[in-house]
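Line order of the protein sequences matches chains L and E. Going letter by letter, the first sequence gives residues 35 to 323 in the working numbering. Going letter by letter, the second sequence gives residues 425 to 659 in the working numbering. Note that beta-carbon positions come from the ideal geometry of N, C-alpha and C, so glycine has one too. Everything on this sheet refers to the single structure shown next.
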Amino acid sequence: MHELLQQIFSGLVAGAVYASLALALVMIYRATDLVNFAQGEMAMFSTYIAWTLVNAGLPFWGAFIITLLVSFLGGMAIERVVIRPIENAPVLAAVVVTIGLLLIFNSLAGWIYTYTVKDFPSPFPDRPLFGALTTTRDLGVIGVTLVMLALLFAFFRFTKTGLAMRAAAQNPDSARLCGIRVKRLLAIGWGLAAAIGAIAGILVAPILFLDPNMMSGVLVYAFAGALLGGIASPLGAVVGGLIVGVTENLVGTYLIASQLKLTVAFALIILVLVLRPNGLFGTAIVRRV
Amino acid sequence: MTPILELRAVKAFYGQSEVLHGIDVAVEEGGMAVLLGANGAGKTTTLRAICGMVRREGEIRFAGTRLDRRTTEEIAGLGVAHVPEGRGTFIGLTVEENLRLGAHMRAGRAEADLQRMYGYFPILAARRRQQAGTLSGGEQQMLAIARALMMAPRLLVLDEPSFGLAPQIVEDIFAIVERIRSDEHVSVLLVEQNARLALDLADHAYLMETGYVVASGSAKALADDPQISRSYLGY
Chain L
35 MHELLQQIFS
45 GLVAGAVYAS
55 LALALVMIYR
65 ATDLVNFAQG
75 EMAMFSTYIA
85 WTLVNAGLPF
95 WGAFIITLLV
105 SFLGGMAIER
115 VVIRPIENAP
125 VLAAVVVTIG
135 LLLIFNSLAG
145 WIYTYTVKDF
155 PSPFPDRPLF
165 GALTTTRDLG
175 VIGVTLVMLA
185 LLFAFFRFTK
195 TGLAMRAAAQ
205 NPDSARLCGI
215 RVKRLLAIGW
225 GLAAAIGAIA
235 GILVAPILFL
245 DPNMMSGVLV
255 YAFAGALLGG
265 IASPLGAVVG
275 GLIVGVTENL
285 VGTYLIASQL
295 KLTVAFALII
305 LVLVLRPNGL
315 FGTAIVRRV
Chain E
425 MTPILELRAV
435 KAFYGQSEVL
445 HGIDVAVEEG
455 GMAVLLGANG
465 AGKTTTLRAI
475 CGMVRREGEI
485 RFAGTRLDRR
495 TTEEIAGLGV
505 AHVPEGRGTF
515 IGLTVEENLR
525 LGAHMRAGRA
535 EADLQRMYGY
545 FPILAARRRQ
555 QAGTLSGGEQ
565 QMLAIARALM
575 MAPRLLVLDE
585 PSFGLAPQIV
595 EDIFAIVERI
605 RSDEHVSVLL
615 VEQNARLALD
625 LADHAYLMET
635 GYVVASGSAK
645 ALADDPQISR
655 SYLGY
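In structure tokens, the structure reads:
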């Protein structure tokens, strides 16, 4: 029983990271109907920026904040330079562009930082809690994720810009007629997604260690989480991410060799696409004519 | 009186093909003009040209400003509120969120305006927390008009507000539009299939056919011209 609870807790920690990255995927999907395959590599690159800052002697949380800001601006720049010119291109072209970005960031990180695995500091002390059920570090990861979620929820629910972003995602033409500058909001959406991804990268780096391929597995789990929750639902992304984290951990511990864990994510993706393509929370919007 | 909106030799294009062939249209300050004509005559395209939603050429002036080189967002900011074909409702957002989006460009809080809209359309107040997609067609049309008025516009552009609605509801909506026009000091450009109703309300009318304005004049003159009413208006 104790071991089971332990496994569930560590599944939740992994799940929190998947949820963050899934959330970044959902943000971009909702705004542009585009799955950003480069999301994981963008997050990895952001993590290297944080690593550089920490190694330059900055305190961890200072580096954290600066990294989020840089990532936000970087995300906006990517939208402006790479995505906007192809806004009217077929979706397949856009997908190929994001895969290109994935390769660029991966190679760029390898070129600048080499492929040697690097140690990444955790801001949280690693002490066992509740009879070794979990650790302070794990709770820190979950805590940061929850704070980020609450902030995002408040942003979309209570701010003018958040409301405008929801409107622009739903009906861009109508949003323009209200005077909403849809293109600027798209750029902000990319910026936010990049910053959220950066949080995921920074949270997972102390666990997985930092190398240019760190996020490739995480991205697959995040996809599974986003699909499970419903690719257009932010809440679904979070719940889906957590479910994937726990499932993957339990199945990897009790049922199959842990080297096969990634298979769980693929199996989940296929199951969801076959049985419930809209995901758990992706209910159709009511429409009366 | 000087026109608040004036189109001179305006052409519009979908891709390579020209669909408006140089039309002249004007709306007087405080007035109401209506565009009439069959489906495909170019009425909706004219409205879309004004708001920069299609490629256009020619001169479009609004309250002394050229609109023809501005983007849709800028035109909205200048005080043109367009209720598009299909009403443009944000169906996944609540009624109140839809209304607040109308006030997006304005600084400060929109509470007073919200209350005024609920005064015009009490049914929207009752449904304020409801998802807009669950409203009936008539309620959605009211929501669309209210959202447009939240922009505090000088010109209200309405694309077939009667579309798909029961006659009684259409009359209600036009009665409110009439009231709003005087209360809010807003000029109106209307596209309408229901010619009889529209000619009753409007002071100026334009009859369109395949991308041309084929007749124009005071609404009364057009309604009284037997040739025109027989060939174009169906009565």
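| said: Using 8 Å for Cβ pairs, my map puts E:R553 next to E:T518. What's the rounded Cβ distance? | reply: Residue numbering aside, residue 553 of chain E sits at position 129 when the second sequence is read from its first letter. Residue numbering aside, residue 518 of chain E sits at position 94 when the second sequence is read from its first letter. With a beta-carbon spacing of about 6 Å, E:R553 and E:T518 fall inside the 8 Å limit used to define contacts.
| query | Rounded to a whole number of angstroms, what is the C-alpha to C-alpha distance between L:F79 and L:P246? | reply | Translated into positions along the first sequence, residue 79 of chain L becomes position 45. Translated into positions along the first sequence, residue 246 of chain L becomes position 212. Separation of L:F79 and L:P246 (C-alpha to C-alpha, rounded to the nearest whole angstrom) is 8 Å.
| Proximal chain L residues relative to E:P508, where beta-carbon distance stays under 9 Å | In the second sequence, counting from the first residue as 1, residue 508 of chain E sits at position 84. Neighbours of E:P508 on chain L, chain order: D207, S208, L211.
| request: Could you check if L:T168 is buried or exposed, using at least 16 other CB atoms within 10 Å of its CB as the buried criterion? | output: Indexing the first sequence from 1 puts residue 168 of chain L at position 134. That one is buried.
| query | So L:I83 packs on L:V104, CB below 8 Å; how close in whole Å? | reply | Residue 83 of chain L sits at position 49 when you count from the first residue of the first sequence. Residue 104 of chain L sits at position 70 when you count from the first residue of the first sequence. Indeed they touch by this definition, with Cβ atoms about 6 Å apart.
| task | Flag L:A201 as yes if its beta-carbon sits less than 8 Å from any beta-carbon of chain E, otherwise no. | result | Position 167 of the first sequence, counted from the first residue, corresponds to residue 201 of chain L. Using a Cβ-Cβ cut-off of 8 Å, L:A201 counts as an interface residue toward chain E, since at least one Cβ of chain E sits closer than that to its own.
| request: Name, please, each residue of chain L whose Cβ falls closer than 9 Å to the Cβ of E:A500. | output: For the purposes of this step, residue 500 of chain E is identified with residue 76 of the second sequence, where counting begins at 1. The contacting residues are R210, L211, C212, G213, I214.
| query | So, L:T170 versus L:F154, is the Cβ gap smaller than 8 Å? | reply | Here the question's residue 170 of chain L lines up with position 136 in the first sequence. Here the question's residue 154 of chain L lines up with position 120 in the first sequence. No, the Cβ-Cβ distance between L:T170 and L:F154 is not below 8 Å.
| What residue from L:A221, L:K295, L:A227, L:L305 has the CA that sits closest to L:L183's CA? | Residue mapping note: residue 183 of chain L aligns to position 149 of the first sequence, counting from 1. Proximity to L:L183 across L:A221, L:K295, L:A227, L:L305 peaks at L:A227, based on C-alpha coordinates.
| request: Using alpha carbons as the reference points, say which of L:R64, L:G196, L:A221, L:Q293 lies closest to L:G17. | output: Shown here, chain L extends from 35 to 323; a query on residue 17 of chain L therefore has no answer.
| Under the DSSP definition of a beta bridge, which residues are partnered with E:V507? | Here the question's residue 507 of chain E lines up with position 83 in the second sequence. Note: E:V507 sits in a beta bridge opposite E:L582.
| task | Compute the Euclidean distance between the alpha carbons of E:Y542 and E:R571, then round it to the nearest angstrom. | result | One-based indexing of the second sequence puts residue 542 of chain E at position 118. One-based indexing of the second sequence puts residue 571 of chain E at position 147. Cα-Cα distance, rounded: 11 Å.
| Would E:R524 count as contacting chain L if we go by Cβ distances under 8 Å? | Indexing the second sequence from 1 puts residue 524 of chain E at position 100. The C-beta of E:R524 comes closer than 8 Å to at least one C-beta of chain L.
| Nearest CA to the CA of E:A619: which residue from E:T558, E:S586, E:A500? | Numbered from its first residue, the second sequence carries residue 619 of chain E at position 195. Of the candidates E:T558, E:S586, E:A500, the residue whose Cα lies closest to the Cα of E:A619 is E:S586.
| task | Determine, using beta carbons only, whether L:L211 and E:H506 come nearer to each other than 8 Å. | result | As a first step, residue 211 of chain L must be located in the first sequence, where it is residue number 177. As a first step, residue 506 of chain E must be located in the second sequence, where it is residue number 82. Yes; because the gap between Cβ atoms is below 8 Å, this pair is in contact.
| request: Find the residues of chain L that neighbour E:M566, judging by a C-beta separation of less than 7 Å, and give them in chain order. | output: The residue given as residue 566 of chain E occupies position 142 in the second sequence. In chain order: nothing, as chain L lies at least about 14 Å away.
| Under 9 Å from the C-beta of E:L375: neighbouring residues of chain L | Outside the shown range of chain E (425 to 659) lies residue 375 of chain E, about which nothing can therefore be said.
| message | For the alpha helix (DSSP H) containing L:I42, name the first residue and the last one. | response | On the first sequence, residue 42 of chain L is found 8 positions in, with the first residue counted as 1. Note, L:I42: alpha helix (DSSP H), 36 to 66.
| request: Would you be able to state if there are at least three C-beta pairs under 8 Å between the region 269 to 278 of chain L and the region 45 to 57 of chain L? | output: Output reads yes: the region 269 to 278 of chain L touches the region 45 to 57 of chain L.
| said: So, with DSSP's three-state summary, where would you put E:E616? | reply: For this step, residue 616 of chain E is matched to residue 192 along the second sequence. Here E:E616 sits in coil by DSSP.
| message | Rounded to the nearest angstrom, what separates L:A143 and E:L444 at their Cα positions? | response | Reading the first sequence from its first residue, position 109 is the one you call residue 143 of chain L. Reading the second sequence from its first residue, position 20 is the one you call residue 444 of chain E. Cα to Cα, the separation comes out at about 54 Å.
| For L:Q204, which residues in chain E fall below 8 Å Cβ to Cβ? | Indexing the first sequence from 1 puts residue 204 of chain L at position 170. Neighbours of L:Q204 in chain E, taken as residues at a C-beta separation under 8 Å, are given in chain order as F514, I515, G516, L517.
| Can a CB atom of chain L be found closer than 8 Å to the CB of E:M477? | By one-based count along the second sequence, residue 477 of chain E stands at place 53. Closer than 8 Å: yes.
| N- and C-terminal bounds of the alpha helix (DSSP H) containing L:M249 | Reading the first sequence from its first residue, position 215 is the one you call residue 249 of chain L. Under the DSSP assignment, L:M249 falls in the alpha helix (DSSP H) whose first and last residues are 248 to 263.
| message | Does the region 598 to 607 of chain E come into contact with the region 515 to 534 of chain E, if we say contact requires no fewer than three beta-carbon pairs (one atom in each stretch) closer than 8 Å? | response | Because the criterion of three Cβ pairs below 8 Å is not met, the region 598 to 607 of chain E and the region 515 to 534 of chain E do not touch.
| task | My understanding is that E:L646 touches E:L631, with C-beta atoms under 8 Å, so please give their C-beta distance in whole angstroms. | result | For the purposes of this step, residue 646 of chain E is taken as the residue at position 222 of the second sequence. For the purposes of this step, residue 631 of chain E is taken as the residue at position 207 of the second sequence. The Cβ separation is near 7 Å, so the contact holds.
| said: So for L:V320, helix, strand or coil by DSSP? | reply: Here residue 320 of chain L refers to the residue found at position 286 when the first sequence is read from its first residue. Confidence at L:V320 is low in this model, with a pLDDT of 46, below 50, so the placement of that residue is unreliable and no value is reported for it.
| task | Find the residues of chain L that neighbour E:E521, judging by a C-beta separation of less than 9 Å, and give them in chain order. | result | Residue 521 of chain E sits at position 97 when you count from the first residue of the second sequence. Per Cβ cutoff of 9 Å: L197, R200, A201.
| said: So if I threshold CB-CB distances at 7 Å, which residues from the region 139 to 163 of chain L count as touching chain E? | reply: Those residues of the region 139 to 163 of chain L that come within reach of chain E (Cβ to Cβ, closer than 7 Å) do not exist; the list is empty.
| task | Could you tell me which uninterrupted alpha helix (DSSP H) segments, each at least 4 residues in length, are contained entirely in the region 505 to 578 of chain E, listed from first to last along the chain? | result | Listed in chain order, the complete alpha helix (DSSP H) runs (minimum 4 residues) inside the region 505 to 578 of chain E are 519 to 526, 535 to 544, 546 to 550, 561 to 573.
| Same chain, Cβ closer than 8 Å to L:L302, five either side skipped, listed in chain order | Counting from 1 along the first sequence, the entry for residue 302 of chain L is found at position 268. Correct list, in chain order: A258, L261, L262, V278, T281.
| query | Under three-state DSSP, which class holds E:T426? | reply | Counted from its first residue, the second sequence places residue 426 of chain E at position 2. Reduced to three states, the DSSP call for E:T426 is coil.
| request: Give a yes or no on whether the C-beta atoms belonging to E:T470 and E:L460 are separated by under 8 Å. | output: Position 46 of the second sequence holds residue 470 of chain E. Position 36 of the second sequence holds residue 460 of chain E. Not closer than 8 Å, so no.
| said: Bridge partners for E:V458 per DSSP, in chain order? | reply: If you number the second sequence from 1, residue 458 of chain E lands on position 34. DSSP, once it has assigned bridges, lists E:L614, E:A629 as partnering E:V458.
| task | Kindly identify the DSSP beta-bridge partner or partners of E:S642. | result | Your numbering for residue 642 of chain E matches position 218 in the second sequence. Its beta-bridge partners are E:H628.
| request: Note down, in chain order, each residue of its chain lying with its Cβ closer than 8 Å to the Cβ of E:L589, except the 5 sequence neighbours on either side. | output: The residue given as residue 589 of chain E occupies position 165 in the second sequence. Same-chain partners within the cutoff: G561, G562, Q565, I597.
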